[in-house]
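Data first, discussion second: the structure below is written as structure tokens.
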Amino acid sequence: MSTTTIVPLPSSNRDGPSTAHQHLVLSYTWKQARAERLVQQKRDFRRAVSAARLIIEHNTRSGRPADAWQVPASAALVLTQPDAVAAEATLRSGLEKRAGPLLDDVTDELDAADEAIGQASEDRGVLVAREGGGTYGPDAARRERDRLTAHIKADEAVGIGVHRRHRGLLRLAAALAPYLEVAATLTWLAALWNVNVLRPDKPLVFVTTIVITLVCAATVAVAARQAGLAHNQARELAAEGSFAAAEPMTTRRNAMAVITGLLGVVLTAALLIRAIEALDVPDRMWWNLAVVAALCVVTGMAMPGVAYLFHAIDGSSVSRLRDELARWRVDIEDDQADRLHLAQAHLDEARRTMHTLVTVTLDSVCRDTIVRLCASQVVYRLALTQVCAATAPEPTPPTVFEGTATNTQIARSISCGVPDAALLDLQPLIDTWHRVVSERRRETDLRRSLSQVARLRLAA
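All residue numbers for the sequence shown refer to my numbering, where the first residue is 786 and numbers rise by one.
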């Protein structure tokens, strides 16, 4: 059992002459100790008194001379045990309420980064191509795209231009044609039967108008598209020299073109007749008729014609499939880039949170814990003063972190520096630090994985 040797002080004039039994009389009352700011809390004063009595009893019972008095271990425990318990509560509370949430945030950010990296590196599924209905994975799509590109270049080198696709206004007009067709047909039928489309007062007439509009517009749109696709396939087969295989496509084109033309003529004529009936300004009859006739022709004939023309000359099945595979590849790459950027953002946020956790939060928790633990030093000094002992060596402030910046370790336990003081177990802090180290290692691994996926993406 280690002890601290203390030397009694000479008696003060305040307490009278020195005697061999002076140590049985305490030097300060509670009011005196508080007045001289030796202690602030009465419970600490009582603890110092209890320890002082233990010191006196221990040394007088042992018969030690006044100049060889010691602080027994029992007195050291009385002095330090309450503050050690309070410091443990401070440590656990700080780790749970302050460090724990930040560490959970780090874990969540790393989980999100891990998920984003996994999604960026995983197989992106398969593409069921609209053109031909083939199924392609990412690698197969890349190989097929390169093969089709080489095929197109070879055909263009010998003057075959069927692979050239159209962009811009023709594509936009073809996309809008079915909707304009529906709007024009609905307007004509509504005017023909005096139907208020926004507030129908005749439900049966309104429903009939809607049904006829959709049927006519859908028939014209489908027929025009099928005629254009049949023509496109026929000219592609003809360019390849397969004239016999092109004949059925030509027949199909003609049939669909007849359907489209008839419906277009009927719609144009109906619109024109209704417009003539609605004109009631005789002096401007011909001008109005010319404008209305042009609009009717555009609605009934031009829009189906645009839809037909676009599909008829929109490249070939080879170039359309090539473009579809290329777009899918671009979509995959854009998706990968977005997920890699997202993973990078999560990792950066995890690093910032980790830095705050280690340099601010844990440091603050440790300082608060040490301050609470070292409150025993005040009681220790008061206990020595109470028995008129000479000042013992100052307790050494405890150190939590040991080692270097690259190899930080945590002490298993610390004390306030008073000999034989109660120890504060730092296992909760050690467990937290192990988790910090684990998350740091995980962040490093995720950054390595992120770099690997980024390099593979660039290589592809």
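By construction, the Cβ of each residue, glycine as well, lies at the ideal position given by its N, Cα and C atoms.
If you look at residue 1193, you'll find it in the beta strand (DSSP E) that goes 1193-1195.
Distance check between residue 1100 and each of 1022, 1114, 865 places 1022 closest, using alpha-carbon atoms only. Per DSSP, the continuous alpha helix (DSSP H) segment holding residue 1150 begins and ends at 1148-1158. For residue 940, the enclosing alpha helix (DSSP H) has its first and last residue at 923-942. About 5 Å separates the Cβ atoms of residue 980 and residue 994, confirming a contact at the 8 Å cut-off.
By the Cβ-count criterion, residue 1016 is buried, with 16 or more other Cβ atoms from all chains shown falling within 10 Å of its own Cβ. The alpha-carbon separation between residue 1226 and residue 1116 amounts to approximately 33 Å. Within a 10 Å sphere around the beta-carbon of residue 960 sit fewer than 16 other beta-carbons, which makes this residue exposed. Assignment of residue 1181 by DSSP, reduced to helix, strand and coil, places it in the coil class. Less than 9 Å divides the Cβ of residue 1104 from the Cβ of residue 950.
Segment contact: the segment 1155-1165 against the segment 1192-1202, three or more CB-CB distances shorter than 8 Å; contact assigned.
In the displayed model, residue 864 falls within a helix according to three-state DSSP. Counting C-beta pairs with one atom in each stretch, the segment 857-877 and the segment 1220-1234 have fewer than three that are closer than 8 Å, which means they do not touch. Leaving aside the five residues that flank residue 890 on each side, the residues in its chain whose CB is nearer than 7 Å to its CB run, in chain order, 1138. Given a length threshold of 4 residues, the segment 1114-1141 has no whole run of the alpha helix (DSSP H) inside it. Counted as a single uninterrupted DSSP element, the alpha helix (DSSP H) harbouring residue 1098 occupies residues 1088-1098.
Under a 10 Å Cβ-count criterion, residue 1144 is classified as exposed, with fewer than 16 other Cβ atoms of the shown protein chains found around its own Cβ. With a contact defined as Cβ atoms closer than 8 Å, residue 1034 and residue 1012 miss out at about 10 Å.
Separation of residue 1126 and residue 882 (C-alpha to C-alpha, rounded to the nearest whole angstrom) is 32 Å.
For residue 1026, there is no enclosing alpha helix (DSSP H), as DSSP marks it with neither H nor E. By the Cβ criterion, the segment 1044-1054 is not in contact with the segment 982-997, since fewer than three pairs of Cβ atoms, one from each stretch, lie closer than 8 Å. Annotated as proximal: residue 836 and residue 863, with beta-carbon spacing under 9 Å. Restricting attention to 1164, 1111, 848, 1214, the CA atom closest to the CA of residue 1146 is found in 1214. Going by C-alpha positions, residue 1113 is about 41 Å away from residue 983. According to the DSSP secondary-structure assignment, residue 957 is paired through a beta bridge with no residue. When C-alpha distances from residue 1185 are compared across 1148, 1133, 1038, 841, the shortest belongs to 1148. Judged by DSSP in its simplified three-state form, residue 1198 adopts strand.
Following the DSSP letters along the chain, one finds residue 891 inside the alpha helix (DSSP H) bounded by residues 885-906. Beta-bridge pairing by DSSP links residue 920 to 913. Pairing residue 895 with residue 1141 gives a Cβ-Cβ distance that is not under 9 Å.
Approximately 7 Å separates the beta-carbon atoms of residue 867 and residue 832; this is inside 8 Å, confirming the contact.
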